[in-house]
Amino acid sequence: MNALHIDYLELAVTDLPASRTFYESAFGWSFNDYGGMYAGIVGPDGKDENGGMYASETPVAPLPLIRTADLDAAVAAVEKAGGTVAEGPYDYPGGRRFIFTDPSGNRLGVYQPAE
Numbered sequence: 001m002n003a004l005h006i007d008y009l010e011l012a013v014t015d016l017p018a019s020r021t022f023y024e025s026a027f028g029w030s031f032n033d034y035g036g037m038y039a040g041i042v043g044p045d046g047k048d049e050n051g052g053m054y055a056s057e058t059p060v061a062p063l064p065l066i067r068t069a070d071l072d073a074a075v076a077a078v079e080k081a082g083g084t085v086a087e088g089p090y091d092y093p094g095g096r097r098f099i100f101t102d103p104s105g106n107r108l109g110v111y112q113p114a115e
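Going by UniProt numbering, the sequence shown opens with residue 1, and the numbers climb by one from there.
What follows is the structure, given as structure tokens:
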């Protein structure tokens, strides 16, 4: 799928266990645990992740992530359009991704799921 739409949102949280408890209680969310430093937010279908939370000393703005089927083409498109690659591309357990800033300084990411 090369939908190129935002389909994942990451939140930086200062207390991951407390944040999980909060979102479980407030909204009924469930999570996939990735070693105590990251928790994937499971969607209402109980299968797919649509976001995640990671432990951070200070909260930062949420990170919207755009899904792509071709990460290298997305890097080239971002750079050609005037964006700046800030991190990556790099591998992570679920595939590959990079972080970029748009011309206004907004920070977003693009990821390609592992096949």
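Backbone N, C-alpha and C define an ideal beta-carbon position, used for all residues, glycine too.
Under 9 Å between C-beta atoms of residue i and residue j
{"i": "T14", "j": "A55", "result": "yes"}
{"i": "M53", "j": "Y23", "result": "yes"}
{"i": "E49", "j": "Y8", "result": "yes"}
{"i": "T68", "j": "L4", "result": "yes"}
{"i": "F27", "j": "R20", "result": "no"}
{"i": "T58", "j": "T84", "result": "no"}
{"i": "M37", "j": "L63", "result": "no"}
{"i": "G82", "j": "P103", "result": "yes"}
Spatial distance of residue i from residue j (CA atoms)
{"i": "I99", "j": "A12", "result": "15 Å"}
{"i": "L71", "j": "R97", "result": "7 Å"}
{"i": "I6", "j": "Y111", "result": "10 Å"}
{"i": "L65", "j": "E10", "result": "8 Å"}
{"i": "A86", "j": "A76", "result": "13 Å"}
{"i": "A114", "j": "S25", "result": "31 Å"}
Outcome for residue i when other beta-carbon atoms lying within 10 angstroms are tallied against a minimum of 16
{"i": "A39", "result": "buried"}
{"i": "V60", "result": "exposed"}
{"i": "M1", "result": "With a pLDDT of 48 at M1, under the threshold of 50, the modelled position of this residue cannot be trusted; read the value that follows with caution. M1 should be labelled exposed."}
{"i": "G51", "result": "buried"}
Residue i - partner residues in DSSP beta bridges
{"i": "P113", "result": "G95"}
{"i": "D33", "result": "A39"}
{"i": "F100", "result": "V85, L108"}
{"i": "residue 129", "result": "The chain is shown only over 1 to 115; residue 129 falls outside these bounds and no answer can be derived."}
{"i": "E90", "result": "Rather than Glu, the amino acid found at residue 90 in this sequence is Tyr. Y90 is bridged to R97."}
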